[in-house]
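Under this note's numbering, the first residue of the sequence shown is numbered 62, with each subsequent residue one higher.
Quick reminder that beta carbons are idealized off the backbone N, C-alpha and C, glycines included.
Please read these numbers as outputs of a predicted model, since none were measured by experiment.
Scroll down for the structure; my scribbles are underneath it.
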Amino acid sequence: MQTIYTDLLCIGAGLAGERVAVEAAMAGFNVICLSIVPPRRSHSSAAQGGMQAALGNAVMGKGDSPDVHFADTVKGSDWGCDQEVARIFADTAPIVMREMAHWGVPWNRVVAGTHTYYKGGKPFEAEEAADKHGLIHARAFGGTAKWRTCYTADGTGRSVLNTLDTKCLQYGVEIHDRTQAEALIHDGERCLGAIVRCLKTGELIAYLAKATLIATGGYGRIYRATTNAVICDGGGQIIALDTGLVPMGNMEAVQFHPTGTVPTDILVTEGCRGDGGTLLDVNEYRFMPDYEPEKAELASRDVVSRRMIEHIRKGFGVQSPYGEHLWLDIRHLGVKHITTKLREVYDICTNFLGVDPIHQLIPVRPTHHYSMGGVRVDKTGAAYGLKGLFSAGESACWDMHGFNRLGGNSLAETVVAGSYIGKQVAQFLQGYDVDFKSSAIRDAHNLVAERIKSITTSAKGRESCFQLRNEMQDVMMEHVGIFRNAKDLQAGVEKLQALYERSMNIGLQAPTKGFTPEMSMALRVPGMLKLALCTAYGALQRTESRGAHTREDFPERNDRDWLNRTLAYWKDGETLPVLKYEEASPYYELPPGDRGYGGGKIITADLPAEKFVVPGKNAPTEAPAAKPAKSEKKK
């Protein structure tokens, strides 16, 4: 078996992985990034809308500050986030956006003078200040008090990724693409790297590293209707969960985006609504102001998605061969705006839908988009359970999003957390030494090799991995969607358990040597079912509605009993995760309250006074650390 050594192994070469890699490389460490696809094909390249940072350059961002951004983020999370992390993020974002500009990201810039903008489909004029000319511009996004989403037309992800990939070349970061991490190497206390499968030859390679970063993005492919690419199968979360030591945080927190296109489920950016687009029903009536008079289409994503489904349930959906949908109208924005600032939306609509958005309405409906849950890490990005293991980006539960993330916050998180956590990783590596135990390497290799042999020879059966995946996706869509209840969730959990047990008997339908898509899927499906069970079972146990987790049988946000974070562990041989809980935040700079949109009753918590002590601000000493919950829930 080939063995490769490095200081830092980044599993994933999207925005978060490459930003951490660059930070470590700038500190003088050897870095290797693994990627299933060539790095510039990472799913980060699909991100359209922009990155939130309180720069306050645009006229509609006047008066913005990290404090306002922090408050928007906490409200957006429905008070489910770690406020210490949200504060780090809001304070660091403006610095990183300017750094990205310095590195070459071609942000849209303020042009002084009078401009016509749109809000709720109606035009208004605003004067951009002369002293702001040439500075980074911003557009509106949902759930924000100010316009603060920095953007490069509607190709922000690709622009930033191209820039970061160039920085990787500059600092000697090695990118090993067409590789897939199949298991972490660890000794029960420390992570030592990963066993990786070459997708060209099928060979297993041991990558040994002092520090290992998981930055593999989301796991949206556990749902059938998702904006996520086919590579977003939760590979990083799976190998962490498989250790039995590293928990997943808040897996029940799953976001549906309001404007997935029909029938492709390809996303059209929130920038459409931020720039003035409106949602219309079957009668071409703009309905969102009826539900959310103040925010309308620019309420948070969880709220807009729910309102859209509510409106369809009332009989106002547009019938189609692909199910009911609603309309997104950007026609009034005009040819120039659509073909420049929304050019990818124009291309998606014309090439994939046969719709010309300059003259026609875009068919949309809520579609699975983002996973707030992931590998649970502390504020430094260090994973719970294994020293030397880190995670950043969507693969992580850092946890600045809580139970709903604001548009533009996750794309910003990739580079903001990447910068911040990259510095923590570099500091961790300073003077850190580790003994690479041959027994740990051998055990991890044998585990993967035996799984491959069993699948290749159909030793345990001939279950089709594709059939199991399809059934899992159907269960998640039917039972663990936007609206949830005990009956559906219980049925979903039981069906997923049965599928997981069947997944132990996967066999190739057409065995071949080397790479096959079937082998990749066969190795992933049992882990995807684990992630699905963590999501469904966590949702079943959480008897409240918070952010994107909406229980029809428990409509109140229950701060008294559920102001906490779910930690899901998977013990070998089990068919359900063990759930533990920890406090949502070590302290509350912004006390729990009403979000200002979305409605709903709140069951308040009687929090002790020390929970409102902010270290370094309103007290000379740090607030008491959050006590880990002792309760466990397992069926």
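Sequence-distant residues of its chain with Cβ nearer than 7 Å to residue i (five each side left out)
i	result
residue 357	181, 349 and 350
residue 606	612, 615, 616, 617, 618 and 661
residue 144	135, 646, 648, 649, 650 and 651
residue 167	213 and 220
residue 187	120, 121, 176 and 178
residue 696	With a pLDDT of 41 at residue 696, under the threshold of 50, the modelled position of this residue cannot be trusted; read the value that follows with caution. Excluding positions up to five away in sequence, the list reads 637.
residue 506	62, 256, 265 and 267
residue 599	312, 313, 627, 629 and 640
residue 228	83 and 164
residue 481	149 and 153
residue 172	189 and 194
residue 332	109, 110, 111, 200, 212, 215 and 403
Nearest-angstrom beta carbon gap, residue j and residue i [assumed within contact, 8 Å]
i	j	result
residue 258	residue 243	5 Å
residue 456	residue 316	Rounded, the Cβ-Cβ distance is 15 Å, inconsistent with contact.
residue 618	residue 657	Going by Cβ atoms, the distance from residue 618 to residue 657 rounds to 13 Å, so no, they are not a contact pair.
residue 133	residue 205	5 Å
residue 86	residue 232	4 Å
residue 479	residue 98	19 Å between Cβ atoms; not a contact.
residue 63	residue 581	Contact doesn't hold; Cβ gap of about 20 Å is too wide.
residue 590	residue 550	With a Cβ gap of about 16 Å, residue 590 and residue 550 do not count as contacting.
residue 389	residue 422	7 Å
residue 285	residue 558	Not confirmed; about 19 Å, so no contact.
residue 365	residue 319	4 Å
residue 77	residue 276	4 Å
residue 465	residue 362	7 Å
residue 96	residue 238	4 Å
residue 608	residue 139	4 Å
residue 280	residue 592	5 Å
residue 451	residue 274	5 Å
Bridge-paired residues (DSSP) for residue i
i	result
residue 452	275
residue 432	315
residue 530	BP columns for residue 530 are empty, so no partner.
residue 112	211
residue 390	339
residue 544	611
residue 178	185
residue 562	Paired residue(s): none; residue 562 is not in a bridge.
residue 425	322 and 387
residue 71	94 and 274
Same chain, Cβ closer than 6 Å to residue i, five either side skipped, listed in chain order
i	result
residue 681	Since pLDDT at residue 681 reaches only 47, below the 50 mark, its modelled position is unreliable, and the value read off the structure follows with that caveat. Nothing listed; no residue qualifies.
residue 268	65, 70, 254, 255 and 257
residue 67	91, 93 and 270
residue 154	114, 473 and 477
residue 595	309, 312, 629 and 638
residue 325	413
residue 553	536, 540, 541 and 597
residue 524	563, 566 and 567
residue 396	419
residue 158	114 and 211
residue 485	441 and 442
residue 127	115, 151 and 152
Same chain, Cβ closer than 8 Å to residue i, neighbours up to 5 away in sequence not counted
i	result
residue 667	621
residue 501	246, 247, 248 and 253
Residue-level contact to chain B via CB, residue i, 9 Å cutoff
i	result
residue 229	No chain B is part of this structure, which consists of one protein chain only.
For the stretch 604-637, list the beta strand (DSSP E) runs that are entirely contained and at least 3 residues long, ordered along the chain. Correct list: 625-630.
Evaluate contact between the stretch 419-430 and the stretch 450-469, counting only Cβ atoms and requiring at least three cross-stretch pairs below 8 Å. no
4-residue-minimum alpha helix (DSSP H) runs that sit fully inside the stretch 299-387, ordered along the chain: 332-335, 349-352 and 362-372
Could I get the ranges of all uninterrupted beta strand (DSSP E) runs contained in the stretch 247-292, with 3 residues as the minimum, in chain order? 252-259 and 265-275
Give, in chain order, every unbroken run of the alpha helix (DSSP H) that is at least 4 residues long and sits entirely within the stretch 129-165. 144-164
Validate contact between the stretch 621-635 and the stretch 332-345 using beta carbons, cut 8 Å, 3 pairs: no
Are the stretch 467-476 and the stretch 199-213 touching by the rule of at least three beta carbon pairs closer than 8 Å? Contact between the stretch 467-476 and the stretch 199-213 is established, with three or more Cβ pairs separated by less than 8 Å.
3-residue-minimum beta strand (DSSP E) runs that sit fully inside the stretch 184-251, ordered along the chain: Entirely contained in the stretch 184-251, the beta strand (DSSP E) runs reaching 3 residues are, in chain order, 235-238 and 240-247.
Below 8 Å, can you find three or more Cβ-Cβ pairs linking the stretch 433-451 to the stretch 96-110? no
Assess, as a yes-or-no matter, whether the stretch 356-376 is touched by the stretch 396-416 under the definition of 3 or more beta carbon pairs within less than 8 Å. No contact exists between the stretch 396-416 and the stretch 356-376.
What are the complete beta strand (DSSP E) segments, minimum 3 residues, inside the stretch 434-498? 435-437 and 450-452
Taking only runs of the alpha helix (DSSP H) that begin and end inside the stretch 76-101, which ones reach a length of at least 4 residues, in chain order? 76-87
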